[in-house]
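Please read the structure below before turning to the comments.
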Amino acid sequence: MSKPTFSLSDSSSGRSIELPVRDGVLGPSTIDVGTLYRDFGVFTYDPGFTSTASCDSSITFIDGDKGVLLYRGYPIEQLAAKSSFIEVAYLLIYGNLPNQTELDEFSAIITNHTMINETLNSFYRGFHHDAHPMAMLVGVVGSLSAFYHDHTDINDPKDREISAHRLIAKMPTIAAACYKHSKGEPYVYPQNNLSYPANFLRMMFAVPCEDYEVDPIAERAMDVLFILHADHEQNASTSTVRLAGSSGANPFACISAGIASLWGPAHGGANEAVLKMLEEVGDVGQIEKYVAKAKDKDDPFRLMGFGHRVYKNYDPRATIIREVCHNVLEKLGNGNDPTLELAMRLEEVALRDEYFVERKLYPNVDFYTGIIYKALGIPTNMFTAMFAIARTAGWIAHWMEMIADPAQRIGRPRQLYLGPEKRDYPGITTR
Ligand code: CMC
């Protein structure tokens, strides 16, 4: 049977070309345009990568129309109900769920890497007390490359694996220290007999002068949130990590680039923006006004936590988070938090509105997360840092997959040039 091809013809020259079509395991086929410029002399144009697959990947699959999300084939609903973040991190990196021995070994390795070099702690002192945690995170994670550069050979699979372990292990320590710095409280060292989420909560909220016990409800909620945010295929921050890494750059620097990309309000920064928006809306009587603002093309206001490039259906993560949210608020005694009521009413109004229906704009992962974080005592400006802790597992899994791919080349998009034609340099007096 002949291989499927896609033909493209140029009406002005009458030439045509057959391009190979590649089928994935799931999802739409892709037209391989890799030889298009060489053989046909044209580029493809797709700003925002709306129709462009940038790589092969076996890590995560999303069906945006059906609202499906799979990590290595496993539905997110099953992982959120039955797994732990550490197990999911293993799954993303190694491709399969660990058996008990593998899980114990992996947990022990991650636990052994949770401390950060004491000198790194002094970096925080260079930041003003009100520095945004994401700004500190970009800087401190990037500076890890100064600690692990000469000894990191990215061509050695073992070194890549150690970098992955270090990053997953140290992110909660680094993020919690950002919070402690902003509070003016001493940094809390990791405690290795705790689970990954419990350790993080303790580093956030313990103080040296008091005992601190992690609430198991908060611990499980945190673990589920970490699972839900762990990966999302070729989103902006993951693509940033891949692009930065495609030049052979240090992995810690690449993850720092990913954190920078995540920070924006169109991406991971949306969770912080949602809570600020709900505070601004204030009460249910104001909902119609803000929905009207979101629809007004002359107003830059958007309904934060709504819409997604890939999901044209309810984001499956939002469905899970909505449920966790009710559970957490009820059990932690914040059942009457008016923010949740406000969010639910806003969702209801938007989902009935023609504008949102037509454009298939549904709540995304960030719509309800802020309400849970708030209930757990996490301040608004730390929300995106929480996302970054979890997404580090996905970023590093993608970086490892990319470096190990024999077809890997430096990422180098082309452009449609619209600047001036060639012109002569004029002397300063003639300008
Ligand atoms: N409020 C109002 N209108 C919206 C919204 C929104 N939240 N999102 C999209 N639209 C409109 C947009 O104006 C456009 O309308 P029209 O066709 O009339 O010009 C249409 O819907 C399509 O939007 P788009 O901006 O072309 O879609 P995109 O795929 O480029 O952007 C998005 C996706 C997530 C950036 C966008 O929906 C958005 O800005 N949402 C709010 C921010 C947010 O919640 N981001 C978190 C995303 S999920 C977590 C993550 O990825 O990190």
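Sequential numbering of the sequence shown, starting at 8, is according to this note's numbering. C-beta: ideal position from N, C-alpha, C; glycine also.
For residue i, name the three-state secondary structure that DSSP assigns.
{"i": "Tyr101", "result": "helix"}
{"i": "Tyr194", "result": "coil"}
{"i": "Thr37", "result": "strand"}
{"i": "Thr159", "result": "coil"}
{"i": "Asp72", "result": "coil"}
{"i": "Arg29", "result": "strand"}
{"i": "Leu7", "result": "Residue 7 is absent from the model: the chain starts at 8 and stops at 438."}
{"i": "Leu368", "result": "coil"}
{"i": "Pro272", "result": "coil"}
{"i": "Pro204", "result": "helix"}
{"i": "Thr456", "result": "Since the displayed the chain opens at 8 and closes at 438, residue 456 lies outside it and no answer follows."}
{"i": "Ile396", "result": "helix"}
{"i": "Ser58", "result": "coil"}
{"i": "Thr67", "result": "strand"}
{"i": "Leu383", "result": "coil"}
{"i": "Thr376", "result": "helix"}
{"i": "Ser90", "result": "coil"}
{"i": "Phe390", "result": "helix"}
{"i": "Pro323", "result": "helix"}
{"i": "Ser263", "result": "helix"}
Can you give the Cα-Cα distance for residue i and residue j, rounded to whole angstroms?
{"i": "Ala325", "j": "Ser20", "result": "50 Å"}
{"i": "Pro140", "j": "Val148", "result": "12 Å"}
{"i": "His315", "j": "Leu368", "result": "7 Å"}
{"i": "Asp303", "j": "Lys381", "result": "30 Å"}
{"i": "Leu425", "j": "His239", "result": "34 Å"}
{"i": "Tyr194", "j": "Ala184", "result": "5 Å"}
{"i": "Ala260", "j": "Glu365", "result": "41 Å"}
{"i": "Thr67", "j": "Ala176", "result": "22 Å"}
{"i": "Lys319", "j": "Val145", "result": "31 Å"}
{"i": "Pro272", "j": "Ile327", "result": "22 Å"}
{"i": "Phe308", "j": "Asp72", "result": "26 Å"}
{"i": "Ser18", "j": "Val49", "result": "14 Å"}
{"i": "Pro386", "j": "Ser263", "result": "22 Å"}
{"i": "Ala350", "j": "Asn278", "result": "13 Å"}
{"i": "Asp431", "j": "Thr42", "result": "35 Å"}
{"i": "Leu465", "j": "Arg352", "result": "Outside the modelled stretch of the chain, which goes from 8 to 438, sits residue 465, for which no answer is possible."}
{"i": "His333", "j": "Pro370", "result": "16 Å"}
{"i": "Ala392", "j": "Asp46", "result": "46 Å"}
{"i": "Gly74", "j": "Leu99", "result": "20 Å"}
{"i": "Val214", "j": "Ala182", "result": "16 Å"}
{"i": "Asn343", "j": "Leu336", "result": "8 Å"}
{"i": "Gly275", "j": "Phe394", "result": "7 Å"}
{"i": "Pro179", "j": "Trp402", "result": "15 Å"}
{"i": "Leu124", "j": "Arg132", "result": "As written in the sequence, residue 124 is Asn, which differs from the Leu given in the question. Straight-line Cα distance between these residues: approximately 14 Å."}
{"i": "Pro420", "j": "Gly55", "result": "12 Å"}
{"i": "Val248", "j": "Ile435", "result": "43 Å"}
{"i": "Ala243", "j": "Gln422", "result": "19 Å"}
{"i": "Gly340", "j": "Ala251", "result": "44 Å"}
{"i": "Ala414", "j": "Ile294", "result": "51 Å"}
{"i": "Val281", "j": "Ala397", "result": "19 Å"}
Relative to ligand 2, is the shortest distance from any of its heavy atoms to the C-beta of residue i smaller than 7 Å?
{"i": "Asn242", "result": "For ligand 2, the structure offers nothing, since it holds only ligand 1."}
Between residue i and the rest of its own chain, which residues show a CB-CB distance below 7 Å, the 5 nearest in sequence each way excluded?
{"i": "Phe134", "result": "Met143, His188"}
{"i": "Asp30", "result": "Ser36"}
{"i": "Ser61", "result": "Gln241, Ser246"}
{"i": "Ile161", "result": "Arg167, Gly255, Pro258, Ile410"}
{"i": "Ile234", "result": "Leu86, Ala87, Ser90, Phe92, Val95"}
{"i": "Pro27", "result": "Lys10, Thr12, Asp39"}
{"i": "Pro204", "result": "Phe92, Glu226, Met229, Asp230, Phe233"}
{"i": "Phe2", "result": "Residue 2 cannot be examined here, being either before or after the span of the chain that is shown, 8 to 438."}
{"i": "Met407", "result": "Ile100, Arg167, Ala171"}
Looking only at its chain, what residues have a beta carbon closer than 8 Å to the beta carbon of residue i, apart from the 5 residues adjacent to it on each side?
{"i": "Thr59", "result": "Thr51, Asp53"}
{"i": "Lys429", "result": "none"}
{"i": "His172", "result": "Ile116, Ile117, His120"}
{"i": "Glu348", "result": "Val291"}
{"i": "Asn128", "result": "Ala184, Tyr194"}
{"i": "Leu201", "result": "Arg209, Val221"}
{"i": "His136", "result": "His188, Ser189, Gly191"}
{"i": "Tyr219", "result": "Arg209, Phe212, Ala213"}
Could you pull out every residue in the same chain whose Cβ sits closer than 6 Å to the Cβ of residue i, ignoring the five residues on either side in sequence?
{"i": "Leu151", "result": "Phe259"}
{"i": "Glu25", "result": "Thr12, Ser14"}
{"i": "Ser65", "result": "none"}
{"i": "Pro323", "result": "Gly74, Leu76, Ile83"}
{"i": "Ser253", "result": "Ile417, Gly418"}
{"i": "Ala267", "result": "Val145"}
- Query: For the 8 Å Cβ check, are there 3 or more pairs between the region 194-211 and the region 293-311?
  - Reply: no
- Do the region 74-84 and the region 98-108 make contact, defined as three or more Cβ pairs closer than 8 Å? yes
- Query: Using 8 Å as the Cβ pair cut-off and three pairs as the minimum, do the region 369-378 and the region 277-286 touch?
  - Reply: yes
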